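Protein chains in written order, with the working numbering: chain S, 127 to 1134; chain Z, 1308 to 1777; chain F, 19 to 232.
Scroll down for the structure; my scribbles are underneath it.
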Amino acid sequence: MTTGRRHLDLAAFGARLSGENAPEYWRALEELAEDPSLHEVLREELARESAATGEGVDRRDFLRLMGASVAMGGLAACTPPAETIVPWVDAPEQLVPGRPLFYASAMELDGVGAGVLVESHMGRPTKIEGNPDHPGSLGATDHFAQASILSLYDPERSGTVRYTGDVSTWAAFVSALQATLQTLRGSGGEGLRVLTEGMSSPTAGSQMREILQRYPAAAWHTWQPVTRDSVLEGSRLAFGRPLQTVRHFGGADVVLALDSDFLAREPGFVRYTRDFMDRRRVRAGAATMNRLYVAESMPTPTGTMADHRVAIPAGEIETLARAIAGEIGVGTRVDAGARSAWAEAVARDLRAHPGRSIVLAGENQPPAVHAIVHAINAALGNAGRTVHYIEPVEANPVNQGESMRRLATDMRAGRVRALLILGGNPAFTAPADLEFARAMDFVPFRVHLGTYYDETSARSHWHVPATHFLEAWSDTRACDGTVSIVQPLIRPLYNGASVHEILAALNEDIRTGHEIVRDFWRERARTGADFDATWNRWLHDGVIPDSALPPVSAPASGAIPAAAPRGAAGIEVVLRPDPMIHDGRFANNSWLQELPKPVTKLTWDNAALMSPATASVLKVANGDVIEIEAGGRTVQAPVWSVPAHADDSITLDYGYGALRTGEVGRGTGTDVYPFRTLAGGDIVRGVTVRKTGRRVRLATVQMHHELAWELADGAGARRNIVRSGTLDRYRENPEFLRVPGLEIKGGPSLYPEWPYETYAWGMVIDTNVCTGCGICTIACQAENSIPVVGKEQVLVGREMHWIRTDHYYKGDPNDPDIGMYNVPIPCMHCENAPCEPVCPVEATSHSDEGINEMTYNRCVGTRYCANNCPYKVRRFNFLSYADFETESYKAMRNPDVTVRSRGVMEKCTYCIQRINEHRIEAEKDGRRIRDGEFTTACAQACPTRAIRFGDLNDSDSDVARLRAEPLNYGMLTELNTQPRTSYLGALKNPNPELARRAAPASSTEPAE
Amino acid sequence: MDPRDPRLPHPQANQPGPQTGRLERAPTIGPGHSFGSITDKISTIVLTRKTSGGWFIGFGIAFAMMMMMLYAIGWLLIKGVGIWGNNNPVGWAFDIINFVWWIGIGHAGTLISAILLLLRQSWRTSINRFAEAMTLFAVACAGLFPLLHVGRPWFAYWLLPYPNTMSLWPQFRSPLMWDVFAVATYATVSLLFWYIGLVPDFATLRDRAKSRPWKILYGFFSLGWRGSAKHWYRYESAYLLLAGLATPLVLSVHTIVSFDFATSVIPGWHTTFFPPYFVAGAIYAGFAMVLTLAIPVRKAFGLQDFITMRHLENMGKVMLTTGLIVGYAYVMEVFYSWYSGNIYEMYVMFNRAFGPYWWTYWLLIVCNIVAPQALWFKKVRTSPLILFVIAMFVNVGMWLERFVIIVVSLHRDFLPSSWGMYSPTRWDFMLFFGTIGLFLTLLFLFIRFLPMISIFEMRTLLPEAQVHED
Amino acid sequence: MQVFHRSANTLSRFSIFGAVFLVAFALWFVYQLNRSPFATGQRDVVTQPVPFSHEHHVSGLGIDCRYCHTSVETSSFAGIPPTATCMNCHKQIWTGAAMLEPVRASLREGEPIRWQRVHRLPEFVHFNHGIHIQKGIGCVSCHGRVDQMPLVWQEKPLSMSWCLECHRAPEEFVRPRDKVFDMTWEPEDQDEIGPRLVRDYGIRSKTNCSICHY
């Protein structure tokens, strides 16, 4: 929705930050919070569920009026309570009450920035979208960006500076810091250590360099749990220096991913998955696809897209890599054992596409594998074509493991006098064998800058609350080095400080974060005089033009490191960051906690993921808690068996189990960090597994174990829910997935057809490019203020997500190359919606634009509609799920959407609030809504553009054309529901050589 | 008051009395009774006989259960339906199961009173009052659930078509809408029917009551009945009229209830033969419940002379017949699902028989189909104990039938991804048994304060009451 | 042997019929009550921190609605003027008026004036001023003769049926765009201009639930 974008002029901005508006609002809010009568009335209101949606305070106006606060007064009898309107004292320009503004910014995670557009309602950020102009985003976002809005308003974020746990002040901290620095200055900063997370902020980099000049003896350490050390070391092996790879999937016909989830997790995936999928959109007249080979242990979104997939323990990837390399002529030939046939076929295919292929390896694969990959890419002539290399975007590209080891040893040796931990929670996440937390006690002056008062804070003298990226100025680099300015949208809600401000304090620099960043770029901007204009353009665009790092020519030394002696055989454990709460930093984010993880569809927990075969060998069932032991370290985790997982391999997600996050995250999952050591790395071989006899209930939103069997006998295929085939079959007959008698335009109906004079909204979802990442779900959650229900409610099957991604297996669960398909399911907005006639009060009805409306305030909650919905997309507020108390969440919610109370049905509305907004705008200028003028939240966030939304009446619209595609089909059309949401069938592009594995692909072809 | 008034169009006019010689038919009233003895026997239960300890114990238990129901309802209103086990995909469970179960039970009353009256089945006489009361109480229990199962009961009145400031009408296409009318009508007519039938007996009680307050109370309800010929004439025509009115209702109510399911698209619900199947099931359940109550009461109050073996046997026969119809329906369900060739229909039947809830299905078959087959034997039909046991089986079976139809169909429908499991919470059970408590409480009050058998109609069964057209 | 006196018959007959009328009356009463100002809050004058008189400013001084309600054409929310707007004039005139002290105080201390809301819609109703203005619905149609209100009150019931009156038959209320802010304009012949304007302005009678409820 770039239409609404404003560039932010400094005056207004200064005004925002210098406290006219934001503080205005917050003051008002605090008054509210302290006003007991409000809580009085609030409780009363909630008890009575007065307003149809039960919300005591009129949240929409509360938000809509800048600086408005809604106080509830008088006796709330049968008339709504009295409200006050609080206008501006002095209104800023370009801010129209009731209209949102969009600001460009960027979110940095693990040292890589993603461009975002932030929707701001009256000074309060409410929704995050991707920035189409940003190379790392192209308009889409990852789920972390979507969820970050919730973290911003998280009432449990740390709110005050603390000294040994007691409340203190920023000033007190600064003076204490200065005092300590005084003692160190003489020795040139001997014993001063700064520990940051991996970050790419050029400003922060230069600040650190200044500090190191001022204190030559000081040192800068870096640690992020999701470390990329082996990538770094790999490139050292290959090029002799650390380099970062930039990939161009647009030019790649064949891609080989060695245990790499580059489509849904690794840095820059939002961009990469888009490029990759652009080569897989099979349309009438363009029947070409790239081919993806995947070798991995745990099935990932990338794995579900594979045309050929081998499930092998992560520890055996190296052998496979060597074998393939050998076939290609890099290094010596190696026997890949059972997989040699596969390896040969892949190698032949790669050789057949010199310069038009990409090989990549996962972050937790050892350096050797990365070196091999570089060598292969060089040998295939991909370097310079489909991949190129740049200097690392990290400001401090060091081997973080080593950096931490040095820090820990120095700390123990008492060589560290002052330790500043800027961000992160190393006491929780540092490699277990360093015993970092204990080592901290040796340091006389410890400072922690963190979002929560966590394990590290508790072990520090000083804790300083960190700002959210929407609260402070900064800058960051995208995966290709492009710089974005991070501009805040609101004053710090919990008066925190940014990294820049702390570093400034270290530098005795009194400038604000805003000045620091701006001055840094003023020097570098080659514009000179009219820097303001340039600066404003950067802010508006969200990127600094041509700031991408230049390609460096790096001839990979063809040499491959000799195979290291393989560790003990037996069962291996693969440690990886949790797909949702990452390294644990999002543990208190309930949206991410409840977002079903790809493939497993687990929520609120991590588990020991293993193949059904391995589970039966170990004689364990889902939920059985097992104890895993290796090198004297043990960890306990519940079992969850995942079809298509490699045998003799257990996947453990780290990040869970923190004890000092807020109430939301506390006690969820198990902490596996104690199992993660520098020595062991992320792939621990030769573990022993023991059954503890304890059991844990794991909350999944899809009964997989059942499903696997259900689909094994082809029921899923016969139900024609998933339709897939091969590219060749498509070439023979593009309509081969059509089922006679199952056309969307259904049979006759007793009721007359609906006339659609104006618009006919529709959606087409391309299952061929859906990775099942779940970003659509969380984007929808953010847009439509969908409540979370918690693990207990998920266990009884009451999750509220309006769009879910169903994950289907195809074929025998024990087949390593089992087919996996992702089917996002929003409301189908049927022409003959079964839900409509059964509602006794007409709370759900059909609009003249084909929307299946849900009128919350009319709903009495018979649940008949949900029963009668064949797609089961309706969600019922069995209890009062929406949080009506927390003030900050009121500010967060989308003011254009009603919050639903208990006893009310809700479901996907095709983002009706967006439709209405744009219809009104279009009507005002007396025109029709243009195709692509807006789209639904899910479609907008989807990195692969699998979801397309638009007007079916407009024959040129994207969605109308897709609906005419031969691969288009409707779900359960035999019920004559005539769904508005339709699908494009999934195609695989198997290698004829490996045809045997391709065969099952036909088993989900429709049954005639 | 003279029941032999020649102008009386007695329903039993040509009922062969014992002296007609056709003795093979067991009598519907024990020998050696006179007008007086009947009146005494029945009215004393209400008036003079001091309340037995058994009554107090039974009433106490029932009342306690009713209190439990009120507690469950209170908590429900505070927290919301989330306290139940209902979920997605199982949006309806105990709430609607109990509703249909109770409504079903509520069928026997009107059937016995109205239809058998029109069919001039004299043997109905001793049990009709009883059955009607039962009907009322069952409908009362049933009526609770549609109200309580909605998410926001305080807006339930939106289901009624009334002029409102939203200028909105309810959705007349929705079966739930039809339910509102069907159940309401049924309740009203049943109440009237029951009350009209009571009027003459109220008069009797008024006349025989000792204390003044009771005289006034019964007098108030007897509407000044004097038993004049005029009264009897009006009474009979009104009663017949209501019988005529009630008869179609017996069929309509459960037909419409069955539409809740039949009109949907859910496999296992979307079936054309639900109406007859449900009605038969309802009568089946109804008679089972009448037996369940009649047998103990008959024993407790020594009414063997009035509720004779013949009554029990006839009811057994009715149960056997309706049971066979229900059995036929079960078979047909299986046949259709196979014959339809529709994978969803086929899967539903497969899932019922072999899915996670297989035991409910087979238990249902045992209770509703296998057990009642014993009724083929006269020995069984004439043994109160065994009849009671079988009736119990059927009560359970009919509840399970609704469980299988509602829960087992819902928990696995079209998209395997949305399949789920259902397990009731303690609140589900508390509400269910609570309504049983309500039912029994009302029943205990009824047998204590009202003549559970129609006095004057019993008298018309006496030989000397017979009018001879020869 | 009757318990009651004969008169009881009359009494009972009367009460039976009486009950019918009683019920009917009760229903009628509730029906009326729901539409009465008591329920809708029509016409009760809200006291404001500053007794701002629309009558004086609009008909007296002839200030246009949009001078204060700036966003009424562009946004869903008509807009309440910031203190600065008031002071534009009142730093010249009535500078000492005690009545205006709260306004001056507001500017002085940067404390906003807290106005009492007069036209309240439930939280689940979404109303957009901009589109109604653009489609030729006059301020008067919903707010009444504000130019004659010393203190503003709610003129119309603001009930759903009232909204639907217009949404179902816009031609009966639509007016020329240039007359939207005209407090006094009266149509010569609504039957004539109504349908024409509906055509010209491309007004579709929108009565879907999701037009207002989402």
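We put the CB at the ideal spot given by N, CA and C, even for glycine.
Because the structure is a prediction, the values reported are computed rather than measured.
query = Can you tell me where the beta strand (DSSP E) with S/ARG821 in it begins and where it stops?
reply = 809-821
task = Return the CA-CA distance between S/LEU868 and Z/ILE1650, expressed in angstroms with no decimal places.
result = 14 Å
key: Proximity to S/PRO1116 [Cα-Cα], best of S/SER246, S/GLU968, S/THR535 and S/VAL472   = S/VAL472
Contact residues within the region 172-201 of chain F, judged by C-beta distance below 7 Å to chain Z = SER177, MET178, SER179 and LEU182
query = Taking Cβ to Cβ, would you say S/GLU316 is nearer than 8 Å to S/TRP349?
reply = no
message = With a threshold of 8 Å between beta-carbons, can Z/ASP1720 be considered close to chain S, or not?
response = yes
Per-residue burial, Z/PHE1479 [other beta carbons within 10 Å of its own, 16 or more giving buried] = exposed
message = Less than 8 Å between the C-beta atoms of S/LEU384 and S/GLY488, yes or no?
response = yes
task = Going by DSSP, name the residue or residues bridged to S/PRO251.
result = S/SER246
message = With a threshold of 8 Å between beta-carbons, can S/PHE646 be considered close to chain Z, or not?
response = no
query = Can you find a C-beta in chain F that's less than 8 Å from the C-beta of S/TYR982?
reply = yes
Contained alpha helix (DSSP H) runs [length at least 4] in the region 471-510 of chain S, N- to C-terminal order = 493-505
query = Count the other CB atoms within 10 Å of the CB of F/ALA37; is the residue buried (16 or more) or exposed (fewer)?
reply = Exposed, since its Cβ has fewer than 16 Cβ neighbours within 10 Å.
inquiry  = Give me the residue from S/SER231, S/VAL699 and S/GLY788 with the minimum Cα distance to S/PHE801.
reply    = S/VAL699
query = Hey, which unbroken runs of the beta strand (DSSP E) at 3 residues or more fall wholly within the region 879-957 of chain S?
reply = 887-892, 930-936 and 945-951
request  = Give me whichever residues DSSP pairs with Z/LYS1685 in a beta bridge.
outcome  = BP columns for Z/LYS1685 are empty, so no partner.
Unbroken beta strand (DSSP E) run spanning S/PRO764, endpoints = 759-767
ask   = Closer than 8 Å, Cβ to any Cβ of chain F: which residues of the region 212-241 of chain S, in chain order?
value = Residues of the region 212-241 of chain S with a Cβ closer than 8 Å to any Cβ of chain F, in chain order: VAL212, PRO213, TRP214, VAL215, ASP216, ALA217, VAL222, PRO223, GLY224 and ARG225.
request  = Could you name the residues of chain S that Z/ALA1463 contacts, counting a contact when the two beta carbons are closer than 8 Å?
outcome  = VAL986
task = Check whether the Cβ atoms of Z/VAL1407 and Z/ALA1489 sit closer than 8 Å, and answer yes or no.
result = no
key: Rounded Cβ spacing between Z/TRP1501 and Z/LEU1556 (contact assumed at less than 8 Å)   = With a Cβ gap of about 13 Å, Z/TRP1501 and Z/LEU1556 do not count as contacting.
query = Beta-carbon separation of S/GLU975 and S/THR1062 under 8 Å?
reply = no
request  = Ignore the nearest five residues each way along the sequence and tell me which others in S/SER313's own chain have a CB closer than 8 Å to its CB.
outcome  = Excluding positions up to five away in sequence, the list reads ALA343.
key: Burial state of F/PHE35 (16 or more Cβ within 10 Å)   = exposed
inquiry  = Give me the residue from Z/PRO1663, Z/VAL1457, Z/GLY1630 and Z/PHE1721 with the minimum Cα distance to Z/ASN1393.
reply    = Z/VAL1457
ask   = Using a C-beta cutoff of 8 Å, does F/VAL21 count as contacting chain Z?
value = yes
request  = Report all residues from its chain with a CB closer than 6 Å to the CB of Z/PHE1746; omit the five preceding and five following residues, and keep chain order.
outcome  = Result list for Z/PHE1746: PHE1444 and CYS1448, in chain order.
task = Note down, in chain order, each residue of its chain lying with its Cβ closer than 7 Å to the Cβ of F/HIS87, except the 5 sequence neighbours on either side.
result = Answer for F/HIS87: ALA96 and GLY97, listed in chain order.
request  = Quick one: give me the first and last residue of the beta strand (DSSP E) that S/HIS434 is part of.
outcome  = 434-437
key: chain F contact residues for S/VAL1023, given Cβ-Cβ distances below 8 Å   = Scanning chain F for C-beta atoms nearer than 8 Å to the C-beta of S/VAL1023 yields TYR232, reported in chain order.
query = What's the C-alpha gap between S/MET803 and Z/TRP1461?
reply = Note that residue 803 of chain S is Thr in the sequence shown, not Met. So the two alpha carbons sit approximately 59 Å from each other.
Own chain residues within Cβ distance below 8 Å of F/VAL216, not counting five before or after = Counting only Cβ-Cβ distances below 8 Å, and skipping sequence neighbours, we find PRO188, GLU189 and VAL192.
query = What residues from the region 1432-1454 of chain Z come within 9 Å of chain S, judged by C-beta to C-beta, listed N to C?
reply = PRO1453
message = Run through chain Z and tell me which residues come within less than 7 Å of S/GLY923, C-beta to C-beta.
response = ASN1394, ASN1395 and GLY1727
request  = Return no unless some Cβ of chain Z is closer than 8 Å to the Cβ of S/GLU1032.
outcome  = no
key: Residues in the region 899-933 of chain S having any Cβ partner in chain Z nearer than 7 Å   = VAL922, GLY923, ARG924 and ASP932
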